[in-house]
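Enquirer: 1 is the number of the first residue of the sequence shown in this note's numbering; add one for each residue after it. All residues carry an ideal CB built from backbone N, CA and C; glycine is no exception. For clarity, every value in this text was computed on a predicted model and none was experimentally measured. A single structure is presented below for examination.
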Amino acid sequence: MSRITTTLMSCVSVASLISIGAITSVAHAQDAGAESERKLSTVTVTATKREQTLQEVPVAVSVLSDEVLNSTGTGSVEALTDLTPSLTFNKGSNETNSSLSIRGVGTSVFSAAVEPSVSVVVDEVVMARAGQGFQDLIDVQRVEVLRGPQSTLFGKNASAGVVSVTTRGPSDTLTGAFDTEIAEEDTSYAVRGTVSGPISDTVGFRLSGFTKEYAGHTRNVATGERLDGYESWGIRGKLEAEPTDKLLLSFIAEYRELESTPSLTVLGSEDPAYIAAIAPVVPGVENTAVNINGRNYSLSEQSGISAKVEYDFDNDFTLTSITAYREWDFENNLDVDGLALEDPEVGNLLTFDLNRGITNLDQFSQEVRLSSPVMGKVDFIVGGFAYFLNADRFFERRLEIALPSFSLAQSAEFFGNVETQNLAVFASGNYYFNDQTSLFGGVRVLNEEISWDAFRDPANVLQPGDFPFGGPLGTYADFNGSIEDTAVVGNIGLRHTFSDLLNGYVSYSRGYKGGAYTVAFGTVPDADPVKPEESDAFEAGLKFVSSDGNLSANFAAFHTEYKNFQAQAQRPGDITFELTNAGVVSTQGLEAEFAASPTDLLDLNIGLAWIDAKIDEFPGAPCYAGQTAAQGCVGGVQDVAGGELPYSPDFRVTFYGRHTVPFENLPFDGYVQASGYWQDEMNFGLSQAPIAQADSRAIINASIGITDKSGRYQASLFVNNVFDEFYVTSITPFNLFGNAVFQTVPRDHQRYAGIRFGANF
């Protein structure tokens, strides 16, 4: 253990003692010496496309402020799961096979034609694909996680929920800020900076940027290099103009790049020859080494522009227009075999070094909405939405096998294109029976058309002489098609204020995600499109705030059923993944979130979630590798009714606590802080393979630091994963290499320490 880790662990021990004393003070908060004079700040959200307080909005929503994000070093969308109990993340080998899930429901598929069930929205602009949403959080004002179907106001790819990111706007005076983070072990650093201010009396600007680098924690014993590292940078500019007191114009432009070296480590294999070939790597749960000769890389380039126009009429109506265009270019390759062999020189080993894909995507969206003031007993929002997507997909792969009797080399290329058009009109509003009770609801009518074309000619081999025996890789394909659908979604509910301290709501909502088609290397011409995914959700919630304003508690109970749930699975003996409708699935449970300032020196946030996400009907599910008839596999299929949805632990707890230590005679105060989560075991696969089961885990992060009394600077020492608990973010059984099982090991699989420093002017 390094010197800095030893020092920090001592700091954490002190911090723990102070935190225990701080938490004990909660029980004595009514004592005169402990009673807080400070109230919780009012949290504003836009979950209903209007600004409302968190306590009054009739939606189950988790809110993370910039203060919490910055103090915990939460710098990416996927890291939000550490602080949000109902949000989980499946990190695969690259952005295209990673996904977010809310209440156990998400979409993790390879096809370029499939959209996510959890929508990521940045400054009111939807990201077309999940991979676009896994971006760095810079200069963020707040993040809202809307739980449950949100299709009425946020569109078709929000059938499970929304992660909405709102970034900061220009300031009234010239301001600036920067912060940096440096961590030990597999060295990493990050630098972020912002400058903002007025250009004139009516025009302001904000410019933000970041750069970060991480060496990587996975060792490639074949080359000596580190994998699972990254280099990333980005910039965003905002311009706001207010030519009159009724008109506000906002323009945003951003660009970012990410280059990473993702890898999969071997958990196990049934083939002794394969185990011997990857030596000196030893497969196992805590394996963080590979022995490969192929190049693993992932390149992502993303840019976007948007314009927002808001006009306030004399009668207090507001017209809003949001126009946006985005591009995303993505390329990756993965050494699939996990071997350092150029040729399969021993046994019947297969080399699979080339598995390369390129995605080029551009999207255009336009939303217009009119918001009314409260007119007697009614207010409303009406609007329209248009969305156009074009995505090109190129893929190539090469396999080689050497047997005593013959050698076989197979290779081929695939080209695909997907175009999506989505047009919708929507309306939402409230009817106020009296000051205590109101009816809320809305409707969205959408029409969607998806068209595709695909081409694969196995004769177009990558190297001359491939497939001399055994035939080409894949079959010839040259086809196109389209599907069109019109759907009506909506929500309705009742909200009641019991007192100034307590209100509640009940609601029903219908979610929708359009049909799709497998546009991937294994696409076959006669494949049927998957059906649209529809959800019916029932929810009841209570929201409470204490009379002294230093405690809030929000509760939600829910039940949601998804028909034609879109998923993918791999059948035994097949190297491709099949896009399918997984019958009927459901999720139900209870959620609770608490925020408290029991003393002027202590802030606490606690989240609890019990979620039962399961498969209700899926009689034709693919078997997992090695599954026997006694285990339910008959004719290559099984019935997984009653099984768990992937990436969904039943219980999850998150927490954040910060205790200020005042120093009266110094220009700064100290603080100790801890955050983290606990979750129970979960399965990573739709097929319910026992090998894909992950154990429960508790991840605790802690820090100790100082902050200037006037807010000019702050510095801290931190330790992430204090108890050094190893875990993985995906387990993938593969039908090659003796039914090998691969896993994804994240950066935070081990304890590491670092420093953070930030300054403002």
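Scan the region 269-293 and note each continuous alpha helix (DSSP H) run of 4 residues or more that stays entirely inside, going in chain order.
Expert: List check, alpha helix (DSSP H) in window: 272-277.
Enquirer: From Arg398 to Arg456, what distance separates their C-alpha atoms?
Expert: Taking the sequence shown and counting its residues from 1, one reaches residue 398 at position 398. Taking the sequence shown and counting its residues from 1, one reaches residue 456 at position 456. Cα to Cα, the separation comes out at about 14 Å.
Enquirer: Where does Ser482 fall in DSSP's three states?
Expert: On the sequence shown, residue 482 is found 482 positions in, with the first residue counted as 1. It is a strand residue.
Enquirer: Excluding sequence positions up to five away, which residues of its chain have a Cβ less than 7 Å from the Cβ of Leu444?
Expert: Position 444 of the sequence shown, counted from the first residue, corresponds to residue 444. Rather than Leu, the amino acid found at residue 444 in this sequence is Arg. The residues are Ser151, Thr152, Ala424, Phe426, Val489 and Gly490.
Enquirer: So, helix, strand or coil for His659, using DSSP?
Expert: Here residue 659 is taken as the residue at index 659 of the sequence shown, counted from 1. His659: strand per DSSP, three-state reduction.
Enquirer: What would DSSP say about Thr187, mapped onto helix, strand or coil?
Expert: Here residue 187 corresponds to residue number 187 of the sequence shown, with the count starting at 1. Three-state result, Thr187: coil.
Enquirer: Given this structure, state the Cα-to-Cα distance separating Gly21 from Val59, to the nearest angstrom.
Expert: Taking the sequence shown and counting its residues from 1, the one referred to as residue 21 is at position 21. Taking the sequence shown and counting its residues from 1, the one referred to as residue 59 is at position 59. Any reading at Gly21 must be qualified, since the residue scores a pLDDT of 40, below 50, and its modelled position is unreliable; the value itself is stated next. One C-alpha to the other measures close to 35 Å.
Enquirer: Would you mind sorting Ser385 into buried or exposed? The rule is 16 or more other CB atoms within 10 Å of its CB.
Expert: The count along the sequence shown starts at 1 and reaches residue 385 at position 385. Looking at the sequence itself, residue 385 is Phe, so the reference to Ser does not match. Phe385 comes out buried.
Enquirer: Count the other CB atoms, across all protein chains shown, that sit within 10 Å of the CB of Val114; report buried if there are 16 or more and exposed otherwise.
Expert: Against the sequence shown, residue 114 aligns to sequence position 114. Buried, since its Cβ has 16 or more Cβ neighbours within 10 Å.
Enquirer: Sort Phe737, Gln638, Lys531 and Ser546 by Cα distance to Ala596 and report the nearest one.
Expert: Looking up residue 596 in the sequence shown gives position 596. It is Ser546.
Enquirer: Along the chain, which unbroken stretches of the beta strand (DSSP E) at least 3 residues long are found entirely within the region 445-533?
Expert: Entirely contained in the region 445-533, the beta strand (DSSP E) runs reaching 3 residues are, in chain order, 477-497 and 502-513.
Enquirer: Assign Asn97 to one of three DSSP states: helix, strand, or coil.
Expert: The count along the sequence shown starts at 1 and reaches residue 97 at position 97. It is helical.
Enquirer: According to DSSP, is Ala22 part of a helix, a strand, or is it coil?
Expert: Here residue 22 refers to the residue found at position 22 of the sequence shown. A caution first: Ala22 carries a pLDDT of 40, below 50, which makes its placement in the model unreliable, though a value can still be read off. Looking at Ala22 - three-state DSSP - the assignment turns out to be helix.
Enquirer: By Cβ distance, which residues of its chain are closer than 7 Å to Glu231, with the 5 residues on each side in sequence left out?
Expert: The residue you call residue 231 lines up with position 231 of the sequence shown. Hits under 7 Å: Glu213 and Glu259.
Enquirer: Applying the 10 Å Cβ sphere with the 16-neighbour rule, what's the burial state of Ile322?
Expert: What you label residue 322 is simply residue 322 of the sequence shown in a count that begins at 1. It is buried - the Cβ of Ile322 has at least 16 other Cβ atoms within 10 Å.
Enquirer: Roughly how many whole angstroms lie between the Cα atoms of Asp31 and Gln366?
Expert: Taking the sequence shown and counting its residues from 1, the one referred to as residue 31 is at position 31. Taking the sequence shown and counting its residues from 1, the one referred to as residue 366 is at position 366. Residue confidence for Asp31 is low, a pLDDT of 41 falling below 50, so the modelled location carries little weight and cannot support an answer.
Enquirer: In angstroms, rounded to a whole number, what distance separates the CA positions of Ala215 and Leu319?
Expert: Counted from its first residue, the sequence shown places residue 215 at position 215. Counted from its first residue, the sequence shown places residue 319 at position 319. About 48 Å.
Enquirer: Comparing alpha-carbon positions, which option in Leu247, Val163, Pro149 and Glu56 lies nearest Phe89?
Expert: Walking along the sequence shown from the start, residue 89 turns up at place 89. For Phe89, the nearest C-alpha among the options comes from Val163.
Enquirer: At the level of alpha carbons, what is the spacing between Thr223 and Asn293?
Expert: Working through the sequence shown from its first residue, we reach residue 223 at position 223. Working through the sequence shown from its first residue, we reach residue 293 at position 293. Thr223 and Asn293: Cα-Cα distance of roughly 8 Å.
Enquirer: CB-CB under 7 Å to Ser648, same chain, minus the five flanking residues each way: which ones, in chain order?
Expert: Working through the sequence shown from its first residue, we reach residue 648 at position 648. Result list for Ser648: Thr88, Ser101, Gly104, Ile611, Ala613 and Met682, in chain order.
Enquirer: Going by DSSP in three states, Phe433 sits in which element: helix, strand or coil?
Expert: Stepping through the sequence shown from its first residue, residue 433 is reached at position 433. In this structure, Phe433 counts as coil in the three-state DSSP scheme.
Enquirer: So what does Tyr214 bridge to, in DSSP terms?
Expert: Against the sequence shown, residue 214 aligns to sequence position 214. BP columns for Tyr214 point to Ser188 and Tyr230.
Enquirer: Residues in its own chain within less than 6 Å of Asn581 by CB, not counting five upstream and five downstream?
Expert: Stepping through the sequence shown from its first residue, residue 581 is reached at position 581. Contacts found: Val530, Lys531 and Asn564.
Enquirer: Assign Tyr752 to buried or exposed, taking buried as 16 or more other Cβ atoms, counted over all protein chains shown, within 10 Å of its Cβ.
Expert: Stepping through the sequence shown from its first residue, residue 752 is reached at position 752. Answer is buried; the Cβ neighbour count reaches 16.
Enquirer: Considering just the uninterrupted stretch of the beta strand (DSSP E) at Phe388, what are its terminal residues?
Expert: As a position in the sequence shown, residue 388 is number 388, starting the count at 1. First-last of the beta strand (DSSP E) with Phe388: Val378 to Ala402.
Enquirer: So what's Glu67 in DSSP terms, helix, strand or just coil?
Expert: The residue given as residue 67 occupies position 67 in the sequence shown. Looking at Glu67 - three-state DSSP - the assignment turns out to be helix.
Enquirer: Decide if Asn665 is buried, meaning its Cβ has at least 16 other Cβ atoms within 10 Å, or exposed.
Expert: As a working mapping, residue 665 is identified with position 665 in the sequence shown. So Asn665 counts as exposed.
Enquirer: Pairing CB atoms from the region 188-201 with CB atoms from the region 121-133, are three or more of them under 8 Å?
Expert: Segments in contact, no.
Enquirer: Only counting runs of 4 or more residues, tell me where the alpha helix (DSSP H) segments fall wholly within the region 117-147, in order along the chain.
Expert: Segments of the alpha helix (DSSP H) lying fully in the region 117-147: 130-133.
Enquirer: Measure the alpha-carbon distance for Gly632 versus Ser86 and round it to whole angstroms.
Expert: As a position in the sequence shown, residue 632 is number 632, starting the count at 1. As a position in the sequence shown, residue 86 is number 86, starting the count at 1. Going from the Cα of Gly632 to the Cα of Ser86 covers about 31 Å.
Enquirer: Quick check on Phe757: does DSSP put it in helix, strand or coil?
Expert: One-based indexing of the sequence shown puts residue 757 at position 757. If DSSP states are grouped into helix, strand and coil, Phe757 belongs with the strands.
Enquirer: Mind checking whether Leu604 and Gly657 have CB atoms under 8 Å apart?
Expert: For the purposes of this step, residue 604 is identified with residue 604 of the sequence shown, where counting begins at 1. For the purposes of this step, residue 657 is identified with residue 657 of the sequence shown, where counting begins at 1. A contact, by the Cβ cut-off of 8 Å.
Enquirer: Tell me whether Phe154 sits in a helix, a strand or coil according to DSSP, three-state version.
Expert: Along the sequence shown, one-based indexing puts residue 154 at 154. Correct three-state label for Phe154: helix.
Enquirer: Applying the 10 Å Cβ sphere with the 16-neighbour rule, what's the burial state of Gly465?
Expert: Taking the sequence shown and counting its residues from 1, one reaches residue 465 at position 465. Answer is exposed; the Cβ neighbour count stays below 16.
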